[in-house]
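Here is the structure we will look at, set down as C-alpha cells.
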Amino acid sequence: MRVTVRLFARLRDITGASEIGRDVAPGATIGSIWRGLVAEFPDLAGYERSISSAVNTDYARMDHPVDDGDEVAFLPPVSGG
Amino acid sequence: MARELPQLNNDEITRYSRHLIMPEVGLDGQRRLKAGKVLCIGAGGLGSPAAMYLAAAGVGTLGLVDFDVVDFSNLQRQIIHGTPDVGRSKLASAKDRILAINPNVHVETYEVALSSENALRLFEPYDVILDGTDNFPTRYLTNDACVLTGKPNAYGSIFRFEGQASVFAAKDGPCYRCLYPEPPPPGLVPSCAEGGVLGVLPGVIGVIQATEAIKLLTGIGEPLIGRFLIYDALRMRFRELKLKKDPECPVCGTHPTVTRLIDYEQFCGIRPAASESSAAQAHGNGLEITSVALKQRLDRGDTLTLVDVREPNEYQINRIPGTVLIPLGEVPRRYAELDKDAEIIVSCKMGGRSAKAADFLRSVGFTRVLNHKGGILDWIDTVDPSQPKY
Chain A
1 MRVTVRLFAR LRDITGASEI GRDVAPGATI GSIWRGLVAE FPDLAGYERS ISSAVNTDYA
61 RMDHPVDDGD EVAFLPPVSG G
Chain B
82 MARELPQLNN DEITRYSRHL IMPEVGLDGQ RRLKAGKVLC IGAGGLGSPA AMYLAAAGVG
142 TLGLVDFDVV DFSNLQRQII HGTPDVGRSK LASAKDRILA INPNVHVETY EVALSSENAL
202 RLFEPYDVIL DGTDNFPTRY LTNDACVLTG KPNAYGSIFR FEGQASVFAA KDGPCYRCLY
262 PEPPPPGLVP SCAEGGVLGV LPGVIGVIQA TEAIKLLTGI GEPLIGRFLI YDALRMRFRE
322 LKLKKDPECP VCGTHPTVTR LIDYEQFCGI RPAASESSAA QAHGNGLEIT SVALKQRLDR
382 GDTLTLVDVR EPNEYQINRI PGTVLIPLGE VPRRYAELDK DAEIIVSCKM GGRSAKAADF
442 LRSVGFTRVL NHKGGILDWI DTVDPSQPKY
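These protein sequence lines map, in sequence, to chains A and B. For the first sequence, the working numbering gives the first residue as 1, with consecutive numbering after it. For the second sequence, the working numbering gives the first residue as 82, with consecutive numbering after it.
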C-alpha cells in the first residue's frame, strides 16, 4: 500500500523534500514508516523522541496503524521567537 | 471574568469605531478588550507585532517580559524597535512604541528572565499569556505555568520559513506537552540566530497570536484550541492538525505528575555548569585555541590547516583568510580531503559547531585538532574588526 509522508522544518532540510511517497507493507505504523526514513536519512535519528506525528491531519502516536492512501506527517518542535 | 467592564470615553469610541460597528465586537466587546490583560513573554520577533496590534486594538493592560537589549540584527523582524533604539532595553523601546500607538494602554514591564521562581506570580494578574520566547526551556516553563494557573497560552513559534500557532492550556483543551511531551536534545533544533529566519514570518505568526488573544478576551469566534496551525511562507500554505488533550499528559492529564514548576534547563538537558566545565576542560587539555593565539601562530608562519565548518552563505559574509570551507554536515563524508597528520584548526561562528566537528575528526583518527574558541565572531572582536558580524 502507498502512503504520503509530509515533513516539516528541519526534517524537510535533512531529506530535501517536503513530501515523499512510500510503498509500505500491510500492518505498517507511523513508527515503522519513521524507522524506514531514518534508515534512508540517518541524520533524522536524533529527532525520534521529540517529534510529533499525525495521520490525515489528526495527531497520532508512533504505534498508530496506517492505511493505504494515508497521509503521515512528522513535525519537529521549533523554538524560534 | 465576572469583573465589571470599564466604560469607554469619547476619544476611545472614535478610536475603536471600526470595531464598534461590528456586532461581533461592539461596545461590549471593546469594553472586554479594555478590561483585558495580556502578558507577552518576549518583546522580540513574535512579541513585536503581537504587542503592537493588541495595543492598537485597545487591550487595556499589556505586560511585557524581556531582559534583552535591542541589537542591529533584531531590526529585520522586531518591528516594535527602530534604528534609534539600538542599545536600549527592549522593554523601554517597546513601551515607547506601544504608548505612541495607543496612550490608553497600561503597559507593565518586567525586566527579568521568566523563571520557575517568578512565573506563577507574573502570570497571576493576566487573562491571556502570549508565548513569544525563543528557547525550549522557557516554552515548557510557559506551558506548565499556564496549566497551573489556568491561563490560556496564545502560542507561536518560528523556524526559518515556517511557523506554528495554537492556543494551549485553555479549559478542556490540550497543552504544549500533549503535542510535544519530550524536549529535543540540546543543540538539535537550531535557533533563529543559528538557522536564520525570514523577517516577515514572525509578523504573520505574531499577528495570529494577537488575533487569538483578542478572540479569547472578547469570547468571539472559534479559537485555535485543539488545533495546531502550521504555516509555510515559501509555499504560502497553511495546514492544520487536530489535537486532543492527552489523558496521560504529565501536566494537564488526569493524573498529573508535574504539579509545580520544575527546573526547565535540566528538563531540556541544558546544564550550564556542566557545559562550562567541559569547555574549561577542553581548554585545559589543550584542545582549544583562542583567536589571538591563532593569529600569533599564523603570523609566525606555522603550518596550520584552517577548516571553517559553517554554511557557504555564512562564509560569504566573513572568514579567516586561508580557510577551507567544509560545512559541518559534510564533514563525515569529506574528512578524507584533510591530512590526518596535519595540525587542524576548526572554526565556525561562535565555536559550537566547530567543537562538534573537532570531536568527530578526533573520533576518526585525527590527532592534532584544535577548536577555535569563540569562532569568527571572536576573531572579529579581537583580531580583525574590519569584517562585518552577523
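Ideal Cβ placement from N, Cα and C applies to all residues, glycine included.
Contacts with chain B at 9 Å (Cβ-Cβ) include F8 of chain A. Taking 9 Å as the threshold, the shortest C-beta distance from V278 of chain B to chain A falls below it. DSSP links K323 of chain B through a beta bridge to A:D58 and B:R308.
Apart from sequence neighbours up to five positions away, the residues of its chain that approach L387 of chain B with a beta-carbon distance below 7 Å are I401, G403, T404, V405, I426 and S428, ordered along the chain.
Chain A places no beta carbon closer than 9 Å to that of E392 of chain B, leaving this residue out of the contacts.
Residue pairing by DSSP puts Q245 of chain B in a beta bridge opposite B:S238 and B:I311. Bridge partners of P65 of chain A according to DSSP: A:T29. The beta carbon of A39 of chain A sits no closer than 9 Å to any beta carbon of chain B.
The DSSP assignment places 386-389 as complete runs of the beta strand (DSSP E) inside the segment 360-411 of chain B, in order along the chain (cut-off: 3 residues). Beta-bridge analysis with DSSP links T340 of chain B to no other residue. Among the residues of chain A, those whose CB is under 9 Å from the CB of E243 of chain B are F8, A9, R12 and V78, following chain order.
Secondary structure at K296 of chain B: helix, using DSSP grouped into helix, strand and coil. A direct Cα-Cα distance of roughly 16 Å separates D253 of chain B from G300 of chain B. The beta carbon of L145 of chain B lies closer than 6 Å to those of C121, A124, L172, A175 and T190 in the same chain, with the five residues before and after it left out. Taking C-beta separations shorter than 7 Å and ignoring five residues to either side along the sequence, the partners of I286 of chain B in its chain run L127, G237, I239, G244, A246 and Y312, following chain order. In terms of Cα proximity to V450 of chain B, the closest of B:L375, B:D380 and B:R391 is B:L375.
Nearest to G455 of chain B by alpha-carbon distance, out of B:R443, B:D440, B:Y471 and B:T371, is B:T371. Under the DSSP definition of a beta bridge, C273 of chain B lacks any partner. Put simply, the segment 263-281 of chain B touches the segment 44-60 of chain A. At least three CB pairs are less than 8 Å apart. Counting C-beta atoms within 10 angstroms of its own C-beta, N394 of chain B has fewer than 16 neighbours from the protein chains shown and is therefore classed as exposed. Shown here, N185 of chain B sits in coil according to DSSP, grouped into three states, outside any helix or strand. When DSSP states are grouped into helix, strand and coil, N91 of chain B belongs to the helix group. Non-local C-beta neighbours of A28 of chain A in its own chain, meaning closer than 6 Å and more than five positions away in sequence, comprise V66, ordered along the chain.
Take the alpha-carbon of T214 of chain B and the one of R99 of chain B: they are about 31 Å apart. Residues of the segment 312-323 of chain B with a Cβ closer than 7 Å to any Cβ of chain A, in chain order: E321, L322 and K323.
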